[in-house]
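Enquirer:
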Amino acid sequence: MDIENQKSKTRKLGKWFKRKKKRADPFHLSEDSVEDENDDYLDNVLLRSREMDPTISINELRIFVGTWNVAGRSPVGSLAVDLDEWLNLKDAADMYVLGFQEIVPLKTLNVIGAEDPTEATNWNMLIGKTLNNKYGCPWLTPMLNIISSDNYHYAGSPNWKKRSSVGGRIGTPTRERSRNQSEKLSGNSKYKLMASKKMVGVFVSVWMKRELLRKFCVSNVKVCSVACGIMGYLGNKGAVSVSMSIEGTSFCFIAAHLASGEKKGDEIRRNRQVWEIFRRTSFPQAAKTDNSSPPLNILGHDQIFWFGDLNYRLCLEDSFARQLIKKQDWKALQEFDQLRREQKDARVFQGWQEGDIDFAPTYKYSSSNHNRYSGGLPSKAGEKQRTPAWCDRILWYGRGIKQISYFRSESKFSDHRPVSGLFSTKVKMLSLPVQELLHCTPFFPP
Numbered sequence: 004m005d006i007e008n009q010k011s012k013t014r015k016l017g018k019w020f021k022r023k024k025k026r027a028d029p030f031h032l033s034e035d036s037v038e039d040e041n042d043d044y045l046d047n048v049l050l051r052s053r054e055m056d057p058t059i060s061i062n063e064l065r066i067f068v069g070t071w072n073v074a075g076r077s078p079v080g081s082l083a084v085d086l087d088e089w090l091n092l093k094d095a096a097d098m099y100v101l102g103f104q105e106i107v108p109l110k111t112l113n114v115i116g117a118e119d120p121t122e123a124t125n126w127n128m129l130i131g132k133t134l135n136n137k138y139g140c141p142w143l144t145p146m147l148n149i150i151s152s153d154n155y156h157y158a159g160s161p162n163w164k165k166r167s168s169v170g171g172r173i174g175t176p177t178r179e180r181s182r183n184q185s186e187k188l189s190g191n192s193k194y195k196l197m198a199s200k201k202m203v204g205v206f207v208s209v210w211m212k213r214e215l216l217r218k219f220c221v222s223n224v225k226v227c228s229v230a231c232g233i234m235g236y237l238g239n240k241g242a243v244s245v246s247m248s249i250e251g252t253s254f255c256f257i258a259a260h261l262a263s264g265e266k267k268g269d270e271i272r273r274n275r276q277v278w279e280i281f282r283r284t285s286f287p288q289a290a291k292t293d294n295s296s297p298p299l300n301i302l303g304h305d306q307i308f309w310f311g312d313l314n315y316r317l318c319l320e321d322s323f324a325r326q327l328i329k330k331q332d333w334k335a336l337q338e339f340d341q342l343r344r345e346q347k348d349a350r351v352f353q354g355w356q357e358g359d360i361d362f363a364p365t366y367k368y369s370s371s372n373h374n375r376y377s378g379g380l381p382s383k384a385g386e387k388q389r390t391p392a393w394c395d396r397i398l399w400y401g402r403g404i405k406q407i408s409y410f411r412s413e414s415k416f417s418d419h420r421p422v423s424g425l426f427s428t429k430v431k432m433l434s435l436p437v438q439e440l441l442h443c444t445p446f447f448p449p
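If you read the sequence shown in the numbering used here, its first letter stands for residue 4, the second for the next number, and so on.
#1: Residues in the same chain with beta-carbon distance under 6 Å from Q346, minus the five sequence neighbours each way, listed in chain order, please.
#2: Are there 16 or more other CB atoms within 10 angstroms of the CB of V245, so buried, or fewer, so exposed?
#3: Mapping DSSP to helix, strand and coil, what is K329?
#4: What's the C-alpha gap between S222 and I61?
#5: Whose CA, out of D312, M202, W210, V422, lies closest to the CA of L196?
#6: Which of helix, strand or coil does DSSP assign to K240?
#7: Apply the 10 Å Cβ neighbour rule to M432 and answer buried if 16 or more other Cβ atoms are within range, or exposed otherwise.
#8: Nearest to C394 by alpha carbon, out of E386, D418, Q388, F286?
#9: Please work out which residues of its chain come closer than 7 Å, Cβ to Cβ, to E122, disregarding the five sequence neighbours upstream and downstream, and give them in chain order.
#10: Any idea what DSSP makes of R26, helix, strand or coil?
#11: What does E63 pair with, by DSSP beta-bridge criteria?
#12: In the DSSP assignment, find the beta strand (DSSP E) that holds W309 and state where it starts and stops.
#13: Pick out the complete alpha helix (DSSP H) segments inside the stretch 197-265, 4 residues or longer, and give them in chain order.
#14: Measuring straight from C-alpha to C-alpha, what distance separates K93 and I249?
#15: Can you grab the Cα-Cα spacing for the pair E88 / K132, in whole Å?
#16: According to DSSP, what are the bridge partners of G102?
#17: What distance in whole Å lies between the Cβ atoms of G238 and V114, which are believed to be in contact at a cut-off of 8 Å?
#18: Answer with buried or exposed for V430, where buried requires no fewer than 16 other C-beta atoms within 10 angstroms of its C-beta.
#19: Is the CB-CB distance between W399 and I307 below 8 Å?
#20: Leaving aside the five residues before and after L299 along the sequence, list all residues of the same chain whose C-beta is less than 7 Å from its C-beta, in chain order.
#21: Hey, how far is the Cα of S208 from the Cα of N127?
#22: Thinking C-beta only, is R283 closer than 8 Å to V224?
#23: Tell me, which residues are paired with L317 by DSSP?
#24: Using three-state DSSP, classify L109 as helix, strand or coil.
#25: Residues in the same chain with beta-carbon distance under 6 Å from K367, minus the five sequence neighbours each way, listed in chain order, please.
#26: For I360, which of V226, V277, S423 has the nearest alpha-carbon?
#27: Give me, in chain order, the residues of the same chain whose beta-carbon lies closer than 7 Å to that of R316; leave out the 5 immediate sequence neighbours on both sides.
#28: Anyone know if the C-beta pair for L109 and G69 falls short of 8 Å?
#29: Let me know the secondary structure DSSP gives V114 once reduced to three states.
#30: Can you tell me whether R411 is helix, strand or coil according to DSSP?
#31: Taking the straight line between their C-alpha atoms, what separation do you get for R273 and R343?
#32: Report the residue ranges of all beta strand (DSSP E) runs contained in full by the stretch 370-409; include only those spanning at least 3 residues, in chain order.
#33: Provide the residue(s) that pair with G424 in DSSP beta bridges, ordered along the chain.
#34: Using a Cβ-Cβ cutoff of less than 7 Å, which residues in the same chain neighbour C231 once the five nearest sequence positions on both sides are dropped?
#35: Whole angstroms is fine: what's the gap from G251's alpha carbon to Q337's?
#36: Count the other C-beta atoms from every protein chain shown that fall within 10 angstroms of the C-beta of V84, then say buried if there are 16 or more, exposed otherwise.
The following block contains the structure:
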């Protein structure tokens with residue numbers, strides 16, 4: 004008889020979860036729409052279980068997203084000051100997601116030759132030093148199962164062994180040993196490198212606070228690269244992406260470098276590359292024993308961030324653009340922004356969001372005088388004539404995302420200024436295993 008009661012409760016709970024998933028906002032538990040009396044007591048079960056275990060809740064995660072075209076220059080030690088200003092460590096985030104473009108010069112050998120990880124490693128070392136400089140481990144870059152291949156699968160923290168009975172959260176013994184070794188090597192570092200992927204000059208690096216790996220279940224960390232440059236398939240242009248799940252919320256981070264040029268029609272090439280990245284970005288499925296069903300494409304994620312040197316320009320005459328820049332009339336200047344026009348006409352990024360741009364165009368600065376834009380009148384000998392533009396952008400898509408700030412930094416390292424966005428995101432915590440809920444017999448009616 005007890006077995007039959009347990010089966011009945013299991014069926015009811017399963018049906019209730021399905022109904023909730025269909026009708027409720029994924030970030031807010033609805034208490035108003037009640038279909039029957041069974042929903043009443045199951046609502047009470049969940050609410051009272053939440054009091055017992057705070058893991059059934061919505062948590063806030065602060066994510067810093069940054070993009071920087073470094074014009075083929077290698078990182079140097081003096082850049083630590085620039086990075087500190089860019090990463091805004093006085094108001095430290097929980098995660099840092101950094102996208103770079105042109106970490107190597109886009110020469111033929113770099114584009115068609117074998118990938119050389121040297122520059123990516125150098126950038127990661129400098130980023131790790133900057134993030135952890137104040138936390139007792141300045142010279143050691145903390146590596147945690149860094150991803151290099153497109154089919155790598157990271158399956159969470161060993162601290163979740165006791166909590167989870169759901170497949171797919173616990174790594175293999177080999178991964179566990181690797182992770183334990185990493186824990187010993189990283190000492191007291193505060194941030195860990197979760198994923199890193201390079202394709203020619205496009206590079207993404209994702210860092211997370213160590214304490215979050217103890218608090219949250221982080222799973223299905225995967226990477227993908229899509230080359231859509233020369234002939235549509237070389238890596239001088241394209242995107243590198245990271246997919247990951249934090250608790251019950253899936254994230255996708257896309258660092259992109261799109262086609263350059265300010266001639267009429269160049270925006271069409273950029274739009275086409277965006278759609279190619281959408282079409283060809285995919286993340287391998289986990290093993291068949293993994294029941295987490297990770298998303299396979301960009302739009303299959305709950306929260307998505309697309310950032311990089313998107314290269315969209317200003318659709319107005321150069322001298323007029325410079326006049327508006329001199330007046331700091333960013334609102335008037337945005338009326339001529341090519342990306343926003345393309346969005347408005349539903350040709351690209353339809354439904355995506357971007358914060359108000361309250362800063363000067365980020366490209367192109369003079370190589371001889373980093374305080375002024377290249378070109379203009381009178382034109383300097385040998386300088387490229389380029390209309391300043393907001394080439395470096397951060398867009399997002401999905402529920403539960405709120406932008407806190409959107410700004411540019413003033414590093415003069417390259418002809419682009421770095422751009423950053425700080426976001427508050429809502430993470431849906433995984434519910435307790437059904438078995439544990441069913442063991443709470445006092446909360447079910449007799």
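Glycine included, every Cβ here is placed at the ideal spot set by N, Cα and C.
Small disclaimer: the values here were computed from a predicted structure and weren't measured.
Expert: Reading from the atomic positions:
#1: Walking along the sequence shown from the start, residue 346 turns up at place 343. Once the five neighbours on either side are set aside, the close Cβ partners of Q346 are F352.
#2: On the sequence shown, residue 245 is found 242 positions in, with the first residue counted as 1. So V245 counts as buried.
#3: Position 326 of the sequence shown holds residue 329. Three-state result, K329: helix.
#4: Taking the sequence shown and counting its residues from 1, one reaches residue 222 at position 219. Taking the sequence shown and counting its residues from 1, one reaches residue 61 at position 58. Cα to Cα, the separation comes out at about 18 Å.
#5: For the purposes of this step, residue 196 is taken as the residue at position 193 of the sequence shown. It is W210 whose Cα lies nearest to the Cα of L196.
#6: Taking the sequence shown and counting its residues from 1, one reaches residue 240 at position 237. Of the three classes helix, strand and coil, the one that applies to K240 here is coil, per DSSP.
#7: Mapped onto the sequence shown, residue 432 falls at position 429. By the 10 Å Cβ count, M432 comes out buried.
#8: For the purposes of this step, residue 394 is taken as the residue at position 391 of the sequence shown. Nearest of E386, D418, Q388, F286 to C394, Cα basis: D418.
#9: Start at 1 with the first residue of the sequence shown, and residue 122 comes out as number 119. Closer than 7 Å at the Cβ level, and outside the excluded window around E122, lie S77, I106, V107.
#10: In the sequence shown, residue 26 corresponds to position 23, counting from 1. For R26, the pLDDT reaches just 40, beneath the cut-off of 50, and the residue's location in the model is therefore unreliable, although a value from the coordinates is still provided. It is helical.
#11: Here residue 63 refers to the residue found at position 60 when the sequence shown is read from its first residue. Paired residues: K429.
#12: The residue labelled residue 309 in the question sits at position 306 within the sequence shown. Segment 306-312, the beta strand (DSSP E) holding W309.
#13: 213-218
#14: As a working mapping, residue 93 is identified with position 90 in the sequence shown. As a working mapping, residue 249 is identified with position 246 in the sequence shown. C-alpha separation (whole angstroms): 25 Å.
#15: Here the question's residue 88 lines up with position 85 in the sequence shown. Here the question's residue 132 lines up with position 129 in the sequence shown. Near 14 Å, if we compare the C-alpha coordinates of K132 and E88.
#16: Taking the sequence shown and counting its residues from 1, the one referred to as residue 102 is at position 99. In the DSSP output, where bridge partners are listed per residue, G102 has T70, V207.
#17: As a first step, residue 114 must be located in the sequence shown, where it is residue number 111. As a first step, residue 238 must be located in the sequence shown, where it is residue number 235. Between G238 and V114 the Cβ distance is about 6 Å, and since that is below 8 Å, they are a contact.
#18: Reading the sequence shown from its first residue, position 427 is the one you call residue 430. When all chains shown are included, V430 counts as buried.
#19: As a position in the sequence shown, residue 399 is number 396, starting the count at 1. As a position in the sequence shown, residue 307 is number 304, starting the count at 1. Going by C-beta atoms, W399 is nearer than 8 Å to I307.
#20: Reading the sequence shown from its first residue, position 296 is the one you call residue 299. So the list reads S285, F286, Q288, once near-sequence residues are dropped.
#21: Indexing the sequence shown from 1 puts residue 208 at position 205. Indexing the sequence shown from 1 puts residue 127 at position 124. One C-alpha to the other measures close to 7 Å.
#22: Here residue 224 refers to the residue found at position 221 of the sequence shown. Here residue 283 refers to the residue found at position 280 of the sequence shown. The answer is no: Cβ separation not under 8 Å.
#23: Along the sequence shown, one-based indexing puts residue 317 at 314. Looking at the DSSP assignment, L317 forms a beta bridge with D340.
#24: Here residue 109 corresponds to residue number 106 of the sequence shown, with the count starting at 1. The answer is coil: DSSP assigns L109 none of H, G, I, E or B.
#25: Indexing the sequence shown from 1 puts residue 367 at position 364. Counting only Cβ-Cβ distances below 6 Å, and skipping sequence neighbours, we find S377, R389, D418.
#26: Taking the sequence shown and counting its residues from 1, one reaches residue 360 at position 357. The residue with the shortest Cα to Cα distance from I360 is S423.
#27: As a position in the sequence shown, residue 316 is number 313, starting the count at 1. For R316, where only same-chain residues beyond five positions count, the Cβ hits under 7 Å are E265, Q341, T390, A392.
#28: For the purposes of this step, residue 109 is identified with residue 106 of the sequence shown, where counting begins at 1. For the purposes of this step, residue 69 is identified with residue 66 of the sequence shown, where counting begins at 1. In this structure, G69 does not lie closer than 8 Å to L109 by Cβ.
#29: What you label residue 114 is simply residue 111 of the sequence shown in a count that begins at 1. In this structure, V114 counts as helix in the three-state DSSP scheme.
#30: Along the sequence shown, one-based indexing puts residue 411 at 408. R411 falls in the strand class under three-state DSSP.
#31: Mapped onto the sequence shown, residue 273 falls at position 270. Mapped onto the sequence shown, residue 343 falls at position 340. Spanning the two alpha carbons is a distance of roughly 13 Å.
#32: 395-400
#33: Translated into positions along the sequence shown, residue 424 becomes position 421. In the DSSP output, where bridge partners are listed per residue, G424 has V68, Y409.
#34: In the sequence shown, counting from the first residue as 1, residue 231 sits at position 228. Taken in chain order, the residues that qualify are K240, G241, Q276, E279, I280.
#35: By 1-based counting over the sequence shown, the position of residue 251 is 248. By 1-based counting over the sequence shown, the position of residue 337 is 334. So the two alpha carbons sit approximately 37 Å from each other.
#36: In the sequence shown, counting from the first residue as 1, residue 84 sits at position 81. It counts as exposed.
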